[in-house]
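Residue numbers (our numbering): 10 to 350.
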Amino acid sequence: MKLAIVGVTGIVGETILRVLDERAIPVDELGAFASRERSEPLEFRGKKVPIRAATAAALASGKYDVVFFASSDDASGELAQPVLDSGAKVIDNSSSFRMAPGVPLVIPEVNAHAVEAHHNLFPVANCTAIVLVMGIAPIHRAVGLGAVHAATYQAVSGAGRAGLDALAAEEQAALGGGANGSVKSPFVAPIFRNVVPQIGSFDEFGDTGEEKKVAAETRKMLEAPDLHVAVTTVRVPVRAAHSIAAFIETSSDTSVDELARAYDGAPGTVFHRDGIVTPREVEGQDVIHVARLRAEEGSKRHFQLWAVGDQLRKGAATNGVQILELLLERGYVGRGEQARA
Ligand SMILES: NC(=O)c1ccc[n+]([C@@H]2O[C@H](COP(=O)([O-])OP(=O)(O)OC[C@H]3O[C@@H](n4cnc5c(N)ncnc54)[C@H](OP(=O)(O)O)[C@@H]3O)[C@@H](O)[C@H]2O)c1
């Protein structure tokens, strides 16, 4: 398989490379692209791969079977179509196409059935939406959801390498007594020793872009267009892994025991009946952890839970690679190659 990554120098791109390797995905030829060419190649499975500037011509002429985008909304908006026109499947981490009608938004453990043979474009959902949906899908399947409210605690790496650099620079300045230097923060307020209740810009109702994405994408992936989802998204000074406190209303009367049983055998999810789970412990993992499931004051319809997951892996890279695995299993990758030959 000929595979390319646009955004290979970023933290999601880097993680995609690692996950491809860990999961032994067969790659005969790798194309590595970023916003600009680099003098130093990257190394993948013992081979040196040049990093080139991502252009429509370079991507289309590569005749790739699959192209991952891990760059930006602008880059995907400009380059995905020429890549699709060249016959490749696109797995896109940007938000550009997630809500487009007819485009599947897939978490393989939740809605793999949404992938059909004629689909070529596969957006990877918002990383917080993936952690939330993985955490509540077993309950939705078991008893149905009537409403979901959530407050999030999102790691700085969710804002890319710039987010990690900003936390490190602020930390160094505060603890070492130095200045922040020239690091430009992607956050709207200091992040070290702080929490910032704004991710994205506000709309006329006071919701942020991140909050609207999480709500809309959750409804799409759960195939519940009328589900009430309300979210407050918050950035916290954690390096990796997003946490969510979710407050859910079920469609029918149930109990904590019945809901706990819904997690038995739920793929990709680890359920903790007791105790807590913190983002530090789950960094580097592909599974989503659910803990603190409880009823609100004895209610049979209102429950709370805590979900945590590494957003760089399951929230981005791993979910994308799992989509590729699904396409390979079903024989949907490679036929374009024959058609082009
Ligand atoms: N970080 C997360 O947790 C996360 C989770 C889910 C989805 N995502 C999405 O994944 C994508 C990548 O995020 P990231 O966190 O990896 O960001 P990042 O660390 O800032 O990396 C961005 C990457 O995109 C490249 N890039 C930027 N503009 C480009 C352009 N016009 N053409 C080609 N390449 C371009 C950069 O190349 P240079 O090095 O040359 O600038 C770099 O390789 C974004 O769409 C983001 O929204 C991120």
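Just so it is clear, CB atoms sit at the ideal spot from N, CA and C, and this is done for glycine as well.
All of these numbers come straight from a predicted model, not from anything done at the bench.
Member of the options whose CA lies at the smallest distance from the CA of residue i
i: Thr-242; options: Thr-227, Gly-340, Ala-13 and Lys-221; result: Lys-221
i: Thr-137; options: Ile-25, Thr-18, Ser-105 and Arg-322; result: Arg-322
i: Tyr-272; options: Gln-181, Val-119 and Val-204; result: Val-119
i: Gly-16; options: Asp-83, Lys-72 and Gly-71; result: Asp-83
i: Val-245; options: Ala-66, Pro-195 and Ser-103; result: Pro-195
i: Pro-234; options: Ala-316, Pro-110, Val-299 and Ala-126; result: Pro-110
i: Thr-259; options: Phe-312, Thr-287, Arg-228 and Glu-232; result: Phe-312
i: Val-157; options: Val-238, Glu-213 and Phe-201; result: Val-238
i: Gly-169; options: Tyr-341, Leu-314 and Ile-20; result: Ile-20
i: Ser-81; options: Ser-105, Lys-72, Val-75 and Ile-60; result: Ser-105
i: Gly-324; options: Gln-163, Thr-217 and Ala-269; result: Gln-163
i: Ala-316; options: Thr-287, Val-330 and Gly-185; result: Thr-287
i: Leu-314; options: Ala-97, Arg-228, Gly-293 and His-298; result: His-298
i: Arg-27; options: Lys-57, Ala-67, Gly-293 and Ile-253; result: Gly-293
i: Phe-53; options: Tyr-73, Glu-31 and Gly-274; result: Glu-31
i: Tyr-73; options: Ala-126, Val-36, Gly-274 and Arg-282; result: Val-36
i: Ala-183; options: Pro-199, Gly-172 and Ala-171; result: Pro-199
Coarse secondary structure for residue i, derived from DSSP in three states
i: Lys-56; result: strand
i: Glu-226; result: helix
i: Gln-313; result: strand
i: His-281; result: coil
i: Ala-43; result: strand
i: Lys-221; result: helix
i: Ala-69; result: helix
i: Ser-351; result: The displayed coordinates of the chain run from 10 to 350. Any statement about residue 351 would go beyond what the structure contains.
i: Ala-326; result: helix
i: Glu-180; result: helix
i: Pro-132; result: strand
i: His-149; result: helix
i: Gly-19; result: coil
i: Ser-166; result: helix
i: Glu-38; result: strand
i: Val-205; result: strand
i: Ala-109; result: coil
i: Ile-100; result: strand
i: Glu-258; result: strand
i: Gly-185; result: helix
i: His-122; result: helix
i: Leu-12; result: strand
i: Arg-301; result: strand
i: Val-157; result: strand
i: Gly-318; result: strand
i: Ala-348; result: Note that Ala-348 scores a pLDDT of 39, beneath 50, so its modelled location is shaky; the value from the coordinates is reported in the next line. If DSSP states are grouped into helix, strand and coil, Ala-348 belongs with the helices.
i: Thr-241; result: strand
i: Arg-61; result: strand
i: Ile-253; result: strand
i: Ala-171; result: helix
i: Val-142; result: helix
i: Leu-231; result: helix
Pair within 7 Å by beta-carbon distance, residue i and residue j
i: Leu-351; j: Leu-154; result: Because the chain spans 10 through 350 in this model, residue 351 falls outside it and cannot be assessed.
i: Ala-224; j: Asp-319; result: no
i: Asp-78; j: Ile-332; result: Reading off the sequence shown, one finds Phe at residue 78, where the question assumed Asp. Contact flag unset, no.
i: Ile-14; j: Gly-22; result: yes
i: Ala-255; j: Ala-159; result: yes
i: Ala-41; j: Leu-29; result: no
i: Thr-18; j: Ala-326; result: no
i: Val-152; j: Asp-174; result: no
i: Glu-46; j: Lys-11; result: no
i: Ser-70; j: Ser-85; result: no
i: Val-342; j: Leu-336; result: yes
i: Asn-135; j: Glu-226; result: yes
i: Val-140; j: Ile-253; result: yes
i: Gly-218; j: Gly-209; result: yes
i: Ala-97; j: Val-124; result: no
i: Arg-248; j: Ser-166; result: yes
Validate contact between the segment 110–125 and the segment 90–97 using beta carbons, cut 8 Å, 3 pairs: no
Segment contact flag, the segment 250–266 with the segment 301–319, C-beta cutoff 8 Å, min 3 pairs: yes
Cβ contact (3+ pairs, closer than 8 Å) linking the segment 268–288 and the segment 142–149: yes
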